[in-house]
Amino acid sequence: MVFVASGLLSWLLVPLAIRVATRREVVDRPGGYKVQDDPVPYLGGVAIVLAFAAVVLAAALVRPPVSGFEELAVILGLGVGLAAVGLVDDLRGLGPFLRLGLQVGAAGGLLATDVVVRLVDGGGPIDMAITVLWIAGITNAFNLLDNMDGLSAGTAMIAALSFFLIAALNGQFLVGALSAALAGCALGFLRHNFHPARIYMGDAGSLFLGFVLAVLGLKLRFDAPRQITAFVPIVVLGLPILDTALVTVQRLRHGRNPLSGGRDHLSHRLVFIGLPVPRAVRILYLLAGMLGWLGLVISRLDITTAYLLLGFVVAGLVAVGVLLGRVPVYSNSQGAKVMLQKVERSEADYAHERPSVVAGSGLDD
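Residue numbers (the UniProt record's numbering): 1 to 365.
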């Protein structure tokens, strides 16, 4: 029920966000590493946050949770706070270190709710440090993944549905309900964000989605050793983790700032080798779906088999990263210039499909 309600509300709120953003000129403008020809409205993330908050609060009032209401309030409050940080970044711009510091602060605030990774017996400080790293890392990873039409929202929807299935199979009502609500919000937004996108979620949306998914991953509980419980959300969220790891390593290798924007993500590399934008995104959806399914499977296995399958998953992701890491995406290589022509042709092929009022390619970081 919350999936349908949040999806419908998000779908209805996004056109309003488009009108407000267009009227107020809250738009992503062409220039720099972006290849769109026209401005594209932001504020899609505001619609996602409002829909999620409204549905979750309404559900809590209709059917109050037996326990954990304070925890729910803290999670929702911190998520909305990070969305506000993202909105300020969309409107005025924030430095990457300040933005990262605020993400770490939100992760630290979550520790008050006792939502903590539990990997080490009596390892309080170690577990808390890992928790902060996980929350800040996944939040930032979804921010980086928001670089092509429909990619971040679609990946969030797939991951949230995976968490919903795992939670439902293990009787976790609160985690399941929050996951379903988040998946619905992402789906409702996707109707307007598929290529050619009519609106972007902006940092307000990507930071919110990443934070909530990171928290849901921590709250998953099922009948398995604690190490498996910890590894399952890593597998489910393997796509944004892989994307962040790839761009970080490649930028450092090429002497570039790992916190800067660029067209060197997984999605861009697929387009650079000749795939149209929609097909590149669908391939990454498929990868995200496979990882979500594997996370569900691992949660049901004994520890030996789970570790074996986990090893294959890690090896596969490393292989994907190595292969796509060889695509020449940086402007100082001749191969990149040839690949860039393919990107521009791909965008030109779809340019006629984009509504003229809110045109844009979505190839932004």
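The beta-carbon is built from N, C-alpha and C at its ideal position, and this holds for glycine as well.
Predicted, not measured: the structure shown is a model, and the values here were computed from it.
Cβ atoms of residue j and residue i: under 7 Å apart, would you say?
i       : j       : result
Ala-177 : Val-2   : yes
Arg-191 : Trp-11  : yes
Val-322 : Asp-264 : no
Ala-106 : Leu-82  : yes
Val-327 : Arg-269 : yes
Leu-182 : Ala-160 : yes
Gly-79  : Val-212 : yes
Val-314 : Leu-294 : no
Asp-90  : Gly-262 : no
Val-132 : Val-88  : no
Arg-29  : Pro-39  : yes
Leu-275 : Asp-243 : no
Val-249 : Ile-298 : no
From residue i to residue j, what does the alpha carbon distance come to, in whole angstroms?
i           : j       : result
Leu-259     : Val-247 : 9 Å
Gly-217     : Pro-125 : 20 Å
Ile-226     : Thr-139 : Here residue 226 is Arg; the residue named in the question, Ile, does not match the sequence. Arg-226 and Thr-139: Cα-Cα distance of roughly 23 Å.
Gly-205     : Gly-44  : 7 Å
Leu-61      : Ile-158 : 27 Å
Val-85      : Ala-136 : 14 Å
Val-281     : Ser-152 : 10 Å
Tyr-285     : Thr-155 : 6 Å
Pro-240     : Arg-63  : 33 Å
Leu-309     : Val-117 : 22 Å
Leu-207     : Arg-300 : 30 Å
Ala-129     : Phe-194 : 37 Å
Phe-142     : Met-148 : 12 Å
Ala-51      : Ala-288 : 24 Å
Pro-96      : Arg-256 : 14 Å
Gly-77      : Tyr-200 : 23 Å
residue 367 : Gly-311 : Residue 367 lies beyond the residue range present for the chain, which begins at 1 and ends at 365; the question has no answer from this structure.
Leu-363     : Val-277 : Its pLDDT being 39, under 50, Leu-363 is placed unreliably by the model, and the measurement read from it follows with that caveat. Rounded to whole angstroms, Leu-363 to Val-277 spans 9 Å at the Cα level.
Ala-73      : Gly-101 : 22 Å
Ile-75      : Leu-209 : 12 Å
Ala-351     : Gly-150 : Residue confidence for Ala-351 is low, a pLDDT of 48 falling below 50, so the modelled location carries little weight; the figure read from the coordinates is stated next. Distance between the alpha carbons of Ala-351 and Gly-150 is about 16 Å.
Arg-253     : Leu-94  : 26 Å
Leu-98      : Gly-316 : 34 Å
Val-320     : Lys-219 : 29 Å
Tyr-307     : Ile-283 : 26 Å
Gly-109     : Ala-5   : 29 Å
Ala-230     : Arg-92  : 37 Å
Thr-305     : Leu-187 : 34 Å
Asp-127     : Asp-223 : 20 Å
Would you please state the rounded distance, in angstroms, between the beta carbons of residue i and residue j? I believe it to be under 8 Å.
i       : j       : result
Leu-291 : Gly-238 : 4 Å
Ala-214 : Trp-134 : 6 Å
Ala-167 : Ser-179 : 6 Å
Phe-272 : Ala-47  : About 31 Å separates the two Cβ atoms, so there is no contact after all.
Gly-7   : Cys-185 : 7 Å
Ile-228 : Ile-303 : 6 Å
Pro-41  : Val-27  : 5 Å
Leu-9   : Ser-162 : Between Ser-162 and Leu-9 the Cβ distance is about 22 Å, and since that is not below 8 Å, they are no contact.
- Query: Fully enclosed by the region 106-169, which alpha helix (DSSP H) runs are 4 residues long or longer?
  - Reply: 124-145, 151-169
- Item | Uninterrupted alpha helix (DSSP H) stretches inside the region 275-342 (no shorter than 4 residues) | 277-298, 303-325
- Validate contact between the region 163-174 and the region 121-135 using beta carbons, cut 8 Å, 3 pairs: no
- Query: How about the region 67-77 and the region 15-26: do they share at least three Cβ pairs that are nearer than 8 Å?
  - Reply: no
- Are three or more beta carbon pairs between the region 49-58 and the region 103-116 nearer than 8 Å? The region 49-58 vs the region 103-116: no contact.
- Scan the region 46-82 and note each continuous beta strand (DSSP E) run of 3 residues or more that stays entirely inside, going in chain order. none
- Message: Quick check for students: name the residue ranges of the alpha helix (DSSP H) that lie wholly in the region 232-274, counting only runs of 4 or more.
- Response: 238-253, 266-272
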